[in-house]
Structures are given as C-alpha cells and as structure tokens.
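In my numbering, the protein residues as written are 320 to 458.
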C-alpha cells in the first residue's frame, strides 16, 4: 500500500475513534449498510460471452486460469449469502453479467434474468439489502 493511502486510512480511523465528539455513543447511523461484495465475472464461473473471457483465452495468464474454473457462485450463491449473514452484514453488492443476460445482441436470456431474481430473493430472505452494479468491466 502506498504511503498516501496509509496516511488517509489512518486519519479516517483516528477521526472515527475521536473521544472528544459530541456523540453520546459511538456508532453508525440507523440504516447504515454493512456489506460484502462480488463481481460476476470473477465469481460466477463459465462466463464465455464477454471480452474478459476472450482475453483470458489468449494465453496471457501464466497458469492458464480463467473464469471457467472459478468458485461457481452462479450455482452456490446461497452459501455465500449464508456466510455474509454470519458476518452480520445487512447488504450485498453484486454485479450483473450482461453476457448472460444478453448473450447475443438483442436476444435476452429469460432464465438468466430469472436466476438473478432468485439471487435477490435469497438475499432479502437472509436480511440483506441487494446493491446492484449494472456494469463491472465486462462487455
């Protein structure tokens, strides 16, 4: 970590720990979201219709890894939400993989859209507010 980032983070920490504030109790405001996050291409696995997959298959990754052999969040998302719930989070930020939603220009995959709805329903059932990133560096 570079020195300016360390100084900034240290300063923010010290301000948050200020004992001379006018607050009765330290804490976060009601409604504050504590969450975890993922990015679709990095965790869903088997995303083959986007620019990152094309880049991955050019042999530029030393050990040959690609998103094909990732953690398979697409099928195991509920387990991740269980872990996030155990951490006490109340929000989950995730991205939509457009190459699954629209695998071919102007052709939408209803099953993929429905799958994202199931993910959102599961998040909410576990007490987490969904925070959706519409585009996370894949085309």
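Think of the CB as a built atom: it goes at the ideal place given N, C-alpha and C, for glycine as much as any other residue. These figures come from a predicted structure and were not determined experimentally.
Indicate the three-state DSSP secondary structure (helix, strand or coil) for residue i in the structure shown.
i, result
"residue 454", "coil"
"residue 431", "helix"
"residue 349", "coil"
"residue 379", "coil"
"residue 388", "helix"
Tell me the DSSP bridge mates of residue i?
i, result
"residue 410", "354, 448"
"residue 426", "423"
Could you compute how far the alpha carbon of residue i sits from the alpha carbon of residue j?
i, j, result
"residue 422", "residue 429", "11 Å"
"residue 371", "residue 457", "6 Å"
"residue 358", "residue 413", "6 Å"
Does chain B have any CB closer than 8 Å to the CB of residue i?
i, result
"residue 353", "Annotation note: the requested chain B is absent from the structure, which comprises a single protein chain."
Would you mind reading off the limits of the alpha helix (DSSP H) that contains residue i?
i, result
"residue 401", "392-405"
"residue 375", "370-375"
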